[in-house]
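For the sequence shown, the UniProt record's numbering assigns the number 1 to the initial residue and increments by one for each residue that follows. Have a look at the structure below, then the notes.
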Amino acid sequence: MALLSIRNLTVRFATSTGSFTAVDGIDVTVDKGDVLAIVGESGSGKSVSMLAVMGLLPDTATVTADEMRFDGRDLLKLSPKERRKIIGREITMIFQEPIASLNPSFTAGYQIEEVLRFNAGLDRRAARARALELFRQVGLPDPEQKLKAYPHQMSGGQCQRVMIAMAIATEPRLLIADEPTTALDVTVQKQILDLLTEIQERSGMALILITHDMGVVAETADRVAVQYKGHKMEEADVLTLFENPQNPYTRALLSALPENATGDRLPTVADFMAKPEVRP
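What follows is the structure, encoded as structure tokens:
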């Protein structure tokens with residue numbers, strides 16, 4: 001049985017003039033210990049589909065699916081109280097822009113301790129000890145001092161490490177990382193990816209990596225799902241997808257990589273086809 005199984009997920013947003021569909025009938029399957037990369041350009045529905053799983057979309061969104069199961073439990077049929085026992089504990093998420101995701105009014109230590117007290121049931125002293133352990137685990141320099149630091153007193157890479165520490169604090173079975181290296185320099189990007197890979201391999205948790213960076217996919221993922229305008233174009237293991245992409249949109253993405261570029265300009269989707277076909 002798959003750890004996460006989603007069939008025919010659709011997300012629509014109401015607007016002042018009607019509605020629009022951000023995710024249109026996609027399927028997602030993740031097994032225990034899997035690393036699945038979801039790739040595609042901005043606006044393809046990558047983040048929205050995972051925010052739907054987390055139950056974090058605004059009231060203007062309507063989420064439907066034939067199935068949305070985590071470890072056999074139907075997330076769509078659980079009560080809010082039952083769902084909160086899973087979300088933030090067994091399923092956690094690292095959001096884009098770590099500095100914006102942390103509360104500027106509280107120290108990093110306070111914020112991770114709140115996660116531990118609420119989701120792991122630790123008292124204040126135990127939460128502080130566990131927070132310090134997690135800060136060391138994610139490689140934060142001077143972890144005792146970082147517990148007392150506010151987000152603006154840390155670099156982007158350090159804030160991202162704090163977010164990772166918060167995400168793994170409850171030893172989740174599934175971690176969703178949404179563009180975890182956005183706005184970080186190349187050296188820090190590699191450090192963060194290496195850290196996520198190390199944690200995933202050590203703990204055996206499943207990892208869903210949302211990205212538009214095909215280089216990141218090649219280095220970290222087992223399987224890749226390609227999205228375009230809310231549709232899933234294709235899904236394959238990493239080696240198959242890079243060596244023999246089946247969908248024209250996937251071929252366009254790979255051809256746009258600088259190392260694959262030929263001539264004076266990068267190709268566009270239009271160079272491959274007028275409208276990418278949708279493959280279930």
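Positions of the beta carbon are idealized from the N, C-alpha and C atoms, including for glycine. Source: prediction; values computed, not measured.
For residue j and residue i, the rounded distance between their alpha carbons
i	j	result
valine 30	alanine 206	7 Å
tyrosine 249	glutamine 227	9 Å
arginine 83	phenylalanine 70	10 Å
alanine 61	asparagine 119	26 Å
phenylalanine 135	methionine 1	34 Å
alanine 218	leucine 254	11 Å
glutamate 198	threonine 220	10 Å
leucine 9	lysine 229	14 Å
glutamine 200	threonine 17	44 Å
Residue i, DSSP secondary structure in three states
i	result
asparagine 8	strand
arginine 73	strand
threonine 150	Reading off the sequence, residue 150 comes out as tyrosine, not threonine. DSSP places tyrosine 150 in coil when its eight states are reduced to three.
phenylalanine 106	coil
arginine 223	strand
valine 138	coil
glutamate 67	strand
isoleucine 112	helix
phenylalanine 95	coil
methionine 234	It should be noted that the sequence gives glutamate, not methionine, for residue 234. If DSSP states are grouped into helix, strand and coil, glutamate 234 belongs with the strands.
threonine 211	strand
threonine 62	strand
Spatial neighbours of residue i in its chain, beta-carbon cut-off 8 Å, leaving aside the 5 residues before and after
i	result
isoleucine 87	Met54 and Gly55
arginine 173	Leu3, Lys32, Asp71, Glu90, Ile91, Met205 and Ala206
Other residues of its chain near residue i: CB distance less than 6 Å, five sequence neighbours each side excluded
i	result
glutamate 235	Ala225
leucine 239	none
First through last residue of the alpha helix (DSSP H) which encompasses residue i
i	result
aspartate 27	Per DSSP, aspartate 27 belongs to no alpha helix (DSSP H); it is in the beta strand (DSSP E), 18-30.
lysine 229	Premise fails: lysine 229 is in no alpha helix (DSSP H) and is neither H nor E.
isoleucine 199	186-203
glutamine 160	156-168
proline 80	80-84
proline 258	Looking at the DSSP string, proline 258 is not in any alpha helix (DSSP H), and its letter there is neither H nor E.
Own chain, CB closer than 7 Å to residue i, minus 5 neighbours either side, in chain order
i	result
proline 180	Ile94, Gln160, Ile192 and Leu196
Cross-strand partners of residue i (DSSP beta bridge)
i	result
isoleucine 176	Met93 and Ile208
leucine 36	Ile208 and Arg223
residue 287	Because the chain is modelled from 1 through 280, residue 287 falls outside the range shown and cannot be assessed.
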